[in-house]
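A short worksheet on the structure shown next.
There are 2 protein chains.
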Amino acid sequence: MSGAATGERSALITLAHVLEPGDERWGELVASWGAQQVLDRIQRGQTGHAHEEGVRARLAHVRSRAEDRWDPEQDAARVGARIITSHDREWPSQLSALGRTTPLALWLLGAADLRLLALRSVAIVGARACTAYGEEVSRTWAADLAGEAWTIVSGAAFGIDAAAHRGALAAGGTTIAVLAGGVDVPYPRAHAPLIDAIADSGVVVSESPPGEQVRRHRFLSRNRLIAALGRATVVVEAAVRSGAAATAGDARSLSRPVLAVPGPVTSPASFGCHRMIQEGEALLASHVDDVRQALDLTAASSSSAVQERRTGRDALPAREREVLDAMPARRSMSLDALVVASGRSPGDVLAAAGVLVAEGWLVLEADGWRLVRR
Amino acid sequence: MSGAATGERSALITLAHVLEPGDERWGELVASWGAQQVLDRIQRGQTGHAHEEGVRARLAHVRSRAEDRWDPEQDAARVGARIITSHDREWPSQLSALGRTTPLALWLLGAADLRLLALRSVAIVGARACTAYGEEVSRTWAADLAGEAWTIVSGAAFGIDAAAHRGALAAGGTTIAVLAGGVDVPYPRAHAPLIDAIADSGVVVSESPPGEQVRRHRFLSRNRLIAALGRATVVVEAAVRSGAAATAGDARSLSRPVLAVPGPVTSPASFGCHRMIQEGEALLASHVDDVRQALDLTAASSSSAVQERRTGRDALPAREREVLDAMPARRSMSLDALVVASGRSPGDVLAAAGVLVAEGWLVLEADGWRLVRR
Numbered sequence: 006m007s008g009a010a011t012g013e014r015s016a017l018i019t020l021a022h023v024l025e026p027g028d029e030r031w032g033e034l035v036a037s038w039g040a041q042q043v044l045d046r047i048q049r050g051q052t053g054h055a056h057e058e059g060v061r062a063r064l065a066h067v068r069s070r071a072e073d074r075w076d077p078e079q080d081a082a083r084v085g086a087r088i089i090t091s092h093d094r095e096w097p098s099q100l101s102a103l104g105r106t107t108p109l110a111l112w113l114l115g116a117a118d119l120r121l122l123a124l125r126s127v128a129i130v131g132a133r134a135c136t137a138y139g140e141e142v143s144r145t146w147a148a149d150l151a152g153e154a155w156t157i158v159s160g161a162a163f164g165i166d167a168a169a170h171r172g173a174l175a176a177g178g179t180t181i182a183v184l185a186g187g188v189d190v191p192y193p194r195a196h197a198p199l200i201d202a203i204a205d206s207g208v209v210v211s212e213s214p215p216g217e218q219v220r221r222h223r224f225l226s227r228n229r230l231i232a233a234l235g236r237a238t239v240v241v242e243a244a245v246r247s248g249a250a251a252t253a254g255d256a257r258s259l260s261r262p263v264l265a266v267p268g269p270v271t272s273p274a275s276f277g278c279h280r281m282i283q284e285g286e287a288l289l290a291s292h293v294d295d296v297r298q299a300l301d302l303t304a305a306s307s308s309s310a311v312q313e314r315r316t317g318r319d320a321l322p323a324r325e326r327e328v329l330d331a332m333p334a335r336r337s338m339s340l341d342a343l344v345v346a347s348g349r350s351p352g353d354v355l356a357a358a359g360v361l362v363a364e365g366w367l368v369l370e371a372d373g374w375r376l377v378r379r
Numbered sequence: 006m007s008g009a010a011t012g013e014r015s016a017l018i019t020l021a022h023v024l025e026p027g028d029e030r031w032g033e034l035v036a037s038w039g040a041q042q043v044l045d046r047i048q049r050g051q052t053g054h055a056h057e058e059g060v061r062a063r064l065a066h067v068r069s070r071a072e073d074r075w076d077p078e079q080d081a082a083r084v085g086a087r088i089i090t091s092h093d094r095e096w097p098s099q100l101s102a103l104g105r106t107t108p109l110a111l112w113l114l115g116a117a118d119l120r121l122l123a124l125r126s127v128a129i130v131g132a133r134a135c136t137a138y139g140e141e142v143s144r145t146w147a148a149d150l151a152g153e154a155w156t157i158v159s160g161a162a163f164g165i166d167a168a169a170h171r172g173a174l175a176a177g178g179t180t181i182a183v184l185a186g187g188v189d190v191p192y193p194r195a196h197a198p199l200i201d202a203i204a205d206s207g208v209v210v211s212e213s214p215p216g217e218q219v220r221r222h223r224f225l226s227r228n229r230l231i232a233a234l235g236r237a238t239v240v241v242e243a244a245v246r247s248g249a250a251a252t253a254g255d256a257r258s259l260s261r262p263v264l265a266v267p268g269p270v271t272s273p274a275s276f277g278c279h280r281m282i283q284e285g286e287a288l289l290a291s292h293v294d295d296v297r298q299a300l301d302l303t304a305a306s307s308s309s310a311v312q313e314r315r316t317g318r319d320a321l322p323a324r325e326r327e328v329l330d331a332m333p334a335r336r337s338m339s340l341d342a343l344v345v346a347s348g349r350s351p352g353d354v355l356a357a358a359g360v361l362v363a364e365g366w367l368v369l370e371a372d373g374w375r376l377v378r379r
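Quick mapping for you: the protein sequence lines, in order, are chains B and W. One rule links them: number in the working numbering = place in the first sequence (from 1) + 5. One rule links them: number in the working numbering = place in the second sequence (from 1) + 5.
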């Protein structure tokens with residue numbers, strides 16, 4: 006990373022401590038001026054943002070907490086977390102769909118690579134006050150999809166969310182929990198063991214720094230992250246106006262498929278799902294196959310979309326180029342075979358393949374990776 | 006009725022004894038030549054229909070059953086039934102939507118006027134092997150709609166059908182049962198008391214003569230009658246390939262709205278409903294209000310359609326003209342008020358109003374009849 010890039014990255018992380026997640030106006034300023042410029046102008050009172058004064062006060066407060074030099078990376082490491090921004094390899098490319106509300110930085114807790122997981126992921130969300138029926142659907146569909154290497158994204162809440170995470174874990178799959186507070190502030194508290202288990206094999210994600218408590222409006226901005234990280238969003242049970250319905254709305258505005266699971270018309274927990282289907286805001290999902298089909302369609306369209314964005318072969322880093330060169334022309338190749346063919350370590354191959362998928366060179370299939378034909 | 010019309014009517018009734026219901030080719034011949042001509046040509050072996058010989062044999066057999074002169078009206082009267090054809094006032098005008106599969110004649114058992122009931126009717130159908138949930142939805146929605154003077158049309162089968170009829174009766178409403186055998190052959194047998202109760206206030210309908218047993222293929226041709234008699238069809242629970250799904254298909258081909266009630270995705274009894282919604286073959290009905298809305302739309306479109314067909318005021322029979330003259334320009338008028346205003350008996354007013362609705366002069370609303378404005 007160049008010095009300028011390091012400066013931008015560090016400025017993004019600083020801003021992530023003091024700006025409210027999902028504020029479009031700040032996002033616009035960061036996009037136009039860069040994070041460093043925005044920081045400077047906040048200090049000089051030149052952003053024109055209505056909340057500038059409060060932000061400047063928060064900035065002074067955050068920096069004053071450190072005894073000598075303020076180091077967010079160290080703060081993160083203290084709770085076992087790492088920080089990523091769009092300047093880092095692990096940054097999921099699909100977050101760019103959020104435009105002006107793209108997060109400035111993310112705090113991650115967990116063993117897995119967020120970018121790699123997010124490339125093959127599906128959000129399963131729903132009511133906290135769910136029924137046994139909804140819980141069963143959430144758990145079994147999550148297990149089925151996780152068993153096919155789909156990562157289940159959800160919000161760690163009671164009810165449908167927890168059932169989705171648990172289904173994925175029970176199937177030996179991976180799952181991503183997006184929290185509304187810091188990654189070291191498990192919420193709800195009763196789910197601390199669940200959130201620990203998620204971090205053991207998957208990733209716990211937050212756009213708030215460690216120690217940050219959940220606040221009401223952050224649940225809504227958190228929902229947009231769940232929608233953006235999933236290739237598609239499945240709503241299992243939802244009241245008519247609910248967080249899950251909001252997540253579905255976010256997914257729609259990102260042009261991601263939204264599916265809703267019907268239930269008894271006598272069950273208020275299904276009213277929101279029925280409404281979404283009636284209004285044409287969601288497809289009816291009557292079987293996990295309907296989710297698979299929606300995901301297949303997005304995989305096809307997203308690989309053709311990123312194909313246009315991909316960089317030239319020669320511009321790739323050595324590791325990625327070597328893995329790419331080892332790929333056969335038409336067949337797919339498993340991790341083990343790629344390790345042998347490339348002479349790279351499994352960790353290297355996994356990381357390189359993640360980058361190559363994100364940049365449209367490879368697609369991840371059930372039995373390994375395959376070259377995308379031009 | 007003129008002598009020629011009487012002859013046609015009688016020929017239609019005779020044909021209804023010997024042709025299979027819903028045969029398009031016979032329907033075409035009757036439409037081109039008239040029923041009397043078709044009868045004559047069957048006798049002379051000149052119809053060109055592949056089944057002509059069998060029909061001729063059945064004709065000889067039917068006529069031979071009578072000791073002196075064969076009289077279908079008497080046969081019907083013997084079981085308390087009446088026969089109607091398109092030459093009779095009680096013939097529901099919406100059956101013409103069936104085109105070549107329009108029934109030749111109908112046998113009716115019951116106190117009410119079929120034409121009048123069918124003008125404000127909705128079909129509720131579904132699985133025999135239904136769940137307690139489906140039964141509850143069928144019963145309560147039928148009761149709600151019947152309580153607003155909508156007639157519930159169904160097939161008297163076990164499960165959803167029976168629940169719909171029972172809901173209508175419990176609400177003090179009227180209901181129509183369309184049977185696959187003769188009106189004196191209650192099927193299933195266990196529903197003989199239910200079918201009796203339906204005839205007490207509503208109508209039991211069949212296109213087969215008395216004594217005719219149910220046969221497998223007649224259930225399918227019976228379903229098209231249910232679809233044609235209802236302004237809209239609601240499927241409460243249905244397996245993927247089922248009689249209820251077939252009825253829904255019939256309603257679609259008649260351009261009548263089809264609604265399907267979702268249920269748990271874990272319940273096979275709801276699979277057909279979910280499939281229909283997914284394929285765009287049915288609207289999702291999550292509340293009886295969704296059915297009301299679909300019916301309001303059809304009432305609006307059908308009254309504008311018949312408006313164009315209506316005959317001149319001077320061509321109306323005296324009874325209808327007198328009732329029409331008694332109608333206020335803008336307000337609706339109840340039966341009691343119309344009896345006073347027209348000086349006719351309640352029976353006369355009811356019959357006349359039925360004709361006037363069918364011919365587009367009046368619309369039937371919750372509180373009575375109202376003039377259709379040109």
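Cβ atoms here follow ideal geometry from the backbone N, Cα and C, with glycine treated the same way.
Residues that residue i contacts on chain W, provided the C-beta gap is smaller than 9 Å
i                      : result
residue 282 of chain B : 267, 282, 289, 291
Chain-ordered chain W contacts of residue i [CB-CB under 8 Å]
i                      : result
residue 325 of chain B : What residue 325 of chain B touches in chain W: nothing, since even the nearest Cβ is about 41 Å away.
residue 138 of chain B : 269, 271
residue 276 of chain B : 291
residue 141 of chain B : 271
residue 2 of chain B   : Residue 2 of chain B cannot be examined here, being either before or after the span of chain B that is shown, 6 to 379.
residue 196 of chain B : Per Cβ cutoff of 8 Å: no residues; residue 196 of chain B is ~26 Å from chain W at best.
residue 279 of chain B : 267, 289, 291
Element boundaries [beta strand (DSSP E), containing residue i]
i                      : result
residue 94 of chain B  : No beta strand (DSSP E) holds residue 94 of chain B; DSSP gives it neither H nor E.
residue 178 of chain W : Neither: residue 178 of chain W is in no beta strand (DSSP E) and is coded neither H nor E.
residue 114 of chain W : 111 to 114
residue 373 of chain B : 373 to 376
residue 87 of chain B  : 87 to 89
Option nearest residue i by Cα separation, candidates the options
i                      : options                    : result
residue 15 of chain W  : W:62, W:90, W:96, W:25     : W:90
residue 230 of chain B : B:8, B:7, B:26, B:11       : B:26
residue 291 of chain B : B:111, B:279, B:284        : B:279
residue 271 of chain W : B:128, B:41, B:138, B:366  : B:138
residue 92 of chain B  : B:103, B:18, B:115         : B:18
residue 148 of chain B : B:282, B:34, B:175, B:234  : B:175
residue 318 of chain B : B:296, B:185, B:376, B:140 : B:376
residue 52 of chain B  : B:64, B:62, B:66, B:35     : B:35
residue 99 of chain B  : B:63, B:121, B:152, B:166  : B:121
residue 325 of chain B : B:343, B:150, B:358        : B:358
residue 344 of chain W : W:97, W:322, W:328         : W:328
residue 49 of chain B  : B:61, B:208, B:38, B:95    : B:61
One or two residues paired with residue i in a DSSP bridge
i                      : result
residue 239 of chain B : B:129, B:264
residue 156 of chain B : B:126
residue 369 of chain W : W:374
residue 338 of chain B : B:374
residue 103 of chain W : DSSP, once it has assigned bridges, lists no residue as partnering residue 103 of chain W.
residue 210 of chain W : W:113, W:183
residue 289 of chain W : W:265
Extent of the continuous alpha helix (DSSP H) to which residue i belongs
i                      : result
residue 206 of chain B : 197 to 206
residue 37 of chain W  : 29 to 38
residue 146 of chain B : 137 to 151
residue 252 of chain W : 248 to 258
residue 277 of chain B : 276 to 283
Neighbour flag for residue i against chain A, beta carbons, 8 Å
i                     : result
residue 60 of chain B : Looking at the structure shown, chain A is missing, and the protein chains on hand are B and W.
With three or more C-beta pairs closer than 8 Å as the rule, is the region 211 to 226 of chain W touching the region 74 to 91 of chain W? Under the three-pair Cβ rule at 8 Å, the region 74 to 91 of chain W counts as touching the region 211 to 226 of chain W.
Should the region 175 to 183 of chain B be called in touch with the region 150 to 158 of chain B, which here means at least 3 C-beta pairs below 8 Å? Three or more beta-carbon pairs drawn from the region 175 to 183 of chain B and the region 150 to 158 of chain B are found closer than 8 Å, and the two stretches are therefore classed as touching.
Would you be able to state if there are at least three C-beta pairs under 8 Å between the region 255 to 264 of chain W and the region 164 to 172 of chain W? No contact exists between the region 164 to 172 of chain W and the region 255 to 264 of chain W.
Would you call the region 247 to 261 of chain W and the region 187 to 207 of chain W in contact, with 3 or more CB pairs under 8 Å? No: fewer than three Cβ pairs fall under 8 Å.
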